[in-house]
Amino acid sequence: MKNPVIFARELYAKLPRETIRYVIAGVLTTLVDYGLFMLLTALGTPDNAANKISIATAVLFAYFINKLYVFRRHADSLGALVFEFIKFMAGRVLTALPEVFGYPLLLRLIGGHENIAKGITIVVVFILNYIISKLFVFRKSK
0 MKNPVIFARE
10 LYAKLPRETI
20 RYVIAGVLTT
30 LVDYGLFMLL
40 TALGTPDNAA
50 NKISIATAVL
60 FAYFINKLYV
70 FRRHADSLGA
80 LVFEFIKFMA
90 GRVLTALPEV
100 FGYPLLLRLI
110 GGHENIAKGI
120 TIVVVFILNY
130 IISKLFVFRK
140 SK
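0 is the number of the first residue of the sequence shown in numbering that gives the first Met the number 0; add one for each residue after it.
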């Protein structure tokens, strides 16, 4: 079996820098989402409300970190910026569906373990968001 440190170095060397930046941004966005969710539920906010608030906050954070850090896109005009933001939000609305509806479903399926349900939901949405951002929102101009 290969040494985990060597494996991680080899994997890092093979990945495109944009992908690495996306993973870092995704981890930060996930921390915003999950951290706020945990804080709100600890303060007594009902879990469904806490879930929606944490999602909305994380989406705004994700737009800025993806635009500026991950994909490094700069709009040429205000109209282009607005259109980009609309595309980003449309993608997030699309991926909010599995998050908003999938979370309560998972919660029921796994017997009320909200942290596990939230974690599974975050992973699925993370992958979908990358695909949409890469191919639709922040794609390179031809």
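From the three backbone atoms N, C-alpha and C, an ideal C-beta is built for every residue, glycine too.
Selection Glu98, Val123, Tyr102, Glu83 evaluated against Tyr62 yields Glu83 as nearest (Cα-Cα). The beta carbons of Phe137 and Asn65 sit about 7 Å from each other, so the pair counts as a contact at 8 Å. Judged by DSSP secondary structure, Asn50 falls within the alpha helix (DSSP H) whose first and last residues are 46–64.
About 6 Å separates the CB atoms of Leu105 and Ile119; that is less than 8 Å, so the two are in contact. Within the same chain, and ignoring the five residues on either side of Asn50 in sequence, the residues whose Cβ sits closer than 8 Å to its Cβ are Phe36, Glu98, Val99, Tyr102, Lys117. In the assembly as shown, Tyr68 is an exposed residue. Its beta-carbon has fewer than 16 other beta-carbons within 10 Å.
Within its own chain, the residues whose Cβ lies closer than 8 Å to the Cβ of Phe135, once the five positions on either side in sequence are excluded, are Lys86, Gly90, listed in chain order.
Assignment of Leu42 by DSSP, reduced to helix, strand and coil, places it in the coil class. Annotated three-state conformation of Leu14 is coil, per DSSP. About 6 Å separates the beta carbons of Ile54 and Ala95, which is inside the 8 Å limit, making them a contact pair.
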